[in-house]
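Q: Please find one structure pasted underneath; my questions will follow.
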Amino acid sequence: MKLSEKPSLTPFNSEYRLCNTAELLGGRCPDLQTTFVDELSLKVEQARLIPQGQCETWCWRQTCGGSGVRFDFEPSFGRGFSEIIDLDDGVFLRVRNSVHKDPYSVWSCHEGDVVFTVLLSGGLSLGVQKPEGSWIWAPFALAGFNPQRCLACSSVAADLDVHLVSVVFKDVRALNKFGFPASRDCEAFLRRIETFTRSNIPALIDVDAHALSVAQDIIECPFEGTLRKLYMAGKARELACYVISGRESKTRATPRGHSRRLDQGTVARLVKARVDSDLSQSVAGDALAAEIGVSRNTIMRAFKAEFGTTLGQYVHEERLSQACRLLEETALPITDIALTIGYDKPGSFSDAFRQAYRCTPSQFRLSRHS
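See the structure below:
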């Protein structure tokens, strides 16, 4: 199915908002009656009536014991999934982990909602009240709030894995009930992101490896049923803390008409953030290249130019540094520490540690505790 074709009506196409990039740039804002939050709520409610099904673009199934719905994309539309979870009291969690061969755009209507989004990888463009938006290249957090009714257009770049997590609050009261009480700090934060939202430039917030790790935990949630909702609610609160407390980024989004190619610094920061978020994972250049959408050689050159060391050397040093911290601050067995920092074989870890510090992990631990 081409993106320019309207998908068959299903319980999850309450309003037609999907369009391709050519239609977006040549068209006008659509007349949407249903707000973004109401659409999220409607989709979860419809999944309670029809727990599973399939159409041309996706198949869906109910999750979280009836509080969520997951959409797995058909090959004609893309790979991956999107999930919506109703966390109660006007709070929703939205998760996307997908890649599409063609760029596409989605319109949504907002009125008084507060949206926090953490973009782990991929390219995303956002525009308010007009199709032309600004491109954001991960990793970043975005915060949006506009008390007045407005339309937003989000676009996803082609051939890039898009990993994002959004916490959506129906209104300020929902944000307050979720744990950020009405206060001067709350009012100041909302005024700041409202200013950005109205100027058609997303409020970009720098995120560290801890925030990215929380977002990745949400995407890879190991639970099903009611436990899934409980887990997601806790992680959503944790993620909201990082967004609210984060510093405004000095990096600016680039206008839609500019080149969408990832610059060298962005590639390097993407790779570093991916490594920092989970040292236990294998760091394969080819896998990182496929995820970010550049060649393996580009990754290696960009990382060396940005940080003055090779990717392999950086991973090696970070793993050993983490090992020292775990040896000093925890009672974890040596084998568990080796696995935690990405060594499949404890012997390989011990050899690398001895070569770097001229003592075994056990001797290092003893010296710190004596």
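Counting in this note's numbering, the sequence shown runs without a single skipped number right up to 855 at its last residue.
We put the CB at the ideal spot given by N, CA and C, even for glycine.
This one's a predicted model, so the numbers in the text were calculated from it and none came from an experiment.
Would you decide whether residue 717 is buried or exposed? Buried here means 16 or more other CB atoms lie within 10 Å of its CB.
A: Its Cβ being crowded by 16 or more others within 10 Å, residue 717 is buried.
Q: If you draw a straight line from the C-alpha of residue 840 to the C-alpha of residue 565, how long is it?
A: Straight-line Cα distance between these residues: approximately 42 Å.
Q: Applying the 10 Å Cβ sphere with the 16-neighbour rule, what's the burial state of residue 582?
A: It is buried - the Cβ of residue 582 has at least 16 other Cβ atoms within 10 Å.
Q: Just to confirm the assignment, what range does the alpha helix (DSSP H) spanning residue 719 have?
A: Unbroken alpha helix (DSSP H) run through residue 719: 710 to 730.
Q: In the structure shown, what three-state DSSP assignment does residue 695 receive?
A: Helix at residue 695.
Q: Please list, in chain order, all residues of the same chain as residue 515 whose beta carbon is under 6 Å from its beta carbon, the five residues on each side excluded.
A: Around residue 515: 592.
Q: Can you find at least 3 beta carbon pairs, one from the stretch 777 to 787 and one from the stretch 809 to 821, that sit closer than 8 Å?
A: No contact exists between the stretch 777 to 787 and the stretch 809 to 821.
Q: Can you list, in chain order, the residues of its chain with a C-beta nearer than 8 Å to that of residue 836? Leave out the 5 residues immediately preceding and following it.
A: Cβ neighbours of residue 836 beyond the five flanking positions: none.
Q: State the CB to CB distance for the pair residue 605 and residue 724, rounded to an integer number of angstroms; the pair is presumed to be in contact (CB under 8 Å).
A: That pair is no contact at about 11 Å.
Q: What is the residue span of the beta strand (DSSP E) that residue 540 lies within?
A: Per DSSP, residue 540 belongs to no beta strand (DSSP E) and is neither H nor E.
Q: Ordered along the chain, which non-local residues of its own chain (more than five positions away) have a Cβ less than 6 Å from that of residue 576?
A: 654, 659 and 663, listed in sequence order.
Q: The alpha helix (DSSP H) spanning residue 847 covers which residue range?
A: Counting along the chain, the alpha helix (DSSP H) containing residue 847 begins and ends at 846 to 854.
Q: So, does the stretch 817 to 836 touch the stretch 758 to 772, judging by three or more C-beta pairs under 8 Å?
A: Yes: the two stretches touch, three or more of their Cβ pairs being nearer than 8 Å.
Q: Run through DSSP, which three-state label would residue 557 get?
A: DSSP places residue 557 in strand when its eight states are reduced to three.
Q: When we look at the beta-carbon of residue 668 and count the other beta-carbons within 10 Å, is it buried (16 or more) or exposed?
A: Per the 10 Å Cβ criterion, exposed.
Q: Taking all protein chains shown into account, decide if residue 537 is buried (16 or more other Cβ within 10 angstroms of its Cβ) or exposed.
A: The residue is exposed, with fewer than 16 neighbouring Cβ atoms inside 10 Å.
Q: Which whole runs of the beta strand (DSSP E) in the stretch 601 to 645 are 3 residues long or more, in chain order?
A: With a minimum length of 3 residues, the continuous beta strand (DSSP E) runs that stay inside the stretch 601 to 645 are 608 to 613, 619 to 622, 625 to 630 and 635 to 641.
Q: Given that a residue counts as buried once 16 or more other Cβ atoms are within 10 Å of its Cβ, and exposed if not, what is residue 854?
A: Label assigned to residue 854: exposed.
Q: I need the DSSP call for residue 578, collapsed to helix, strand or coil.
A: Looking at residue 578 - three-state DSSP - the assignment turns out to be strand.
Q: Would you kindly report the start and end of the unbroken alpha helix (DSSP H) that includes residue 767?
A: First-last for residue 767: undefined, no H or E at that position.
Q: Output the distance between the C-alpha atoms of residue 624 and residue 541, rounded to the nearest integer angstrom.
A: Between residue 624 and residue 541, the C-alpha separation is close to 31 Å.
Q: So residue 589 is in the beta strand (DSSP E); what residue range does that whole segment cover?
A: Counting along the chain, the beta strand (DSSP E) containing residue 589 begins and ends at 589 to 595.
Q: Thinking just about the alpha-carbon of each residue, which of 779, 733, 731 and 732 is nearest to the one in residue 751?
A: Comparing Cα positions, the closest option is 779.
Q: State yes or no: is the C-beta of residue 570 within less than 8 Å of the C-beta of residue 665?
A: For residue 570 and residue 665, no; Cβs fall outside 8 Å.
Q: So what does DSSP say about residue 832, is it helix, strand or coil?
A: Note: residue 832 maps to helix in three-state DSSP.
Q: What residue range does the beta strand (DSSP E) around residue 571 cover?
A: Where residue 571 is concerned, the enclosing beta strand (DSSP E) stretches over 564 to 571.
Q: Along the chain, where does the alpha helix (DSSP H) containing residue 806 start, and where does it finish?
A: Start and end: 796 to 814.
Q: For the alpha helix (DSSP H) that residue 526 lies in, which residues bound it at each end?
A: Unbroken alpha helix (DSSP H) run through residue 526: 521 to 534.
Q: Do residue 702 and residue 720 count as a contact pair if the criterion is CB distance below 8 Å?
A: Yes, these two residues count as a Cβ contact at 8 Å.
Q: Taking C-beta to C-beta, are residue 791 and residue 753 nearer than 8 Å?
A: It is a contact, given that the beta carbons lie within the stated cut-off.
Q: Looking at residue 636 and residue 621, is the spacing between their C-beta atoms short of 8 Å?
A: No, the Cβ-Cβ distance between residue 621 and residue 636 is not below 8 Å.
Q: Terminal residues of the continuous beta strand (DSSP E) containing residue 665?
A: Here residue 665 belongs to no beta strand (DSSP E), and DSSP marks it neither H nor E.
Q: Output the distance between the C-alpha atoms of residue 629 and residue 731, rounded to the nearest integer angstrom.
A: Their backbone Cα atoms lie some 14 Å apart in a straight line.
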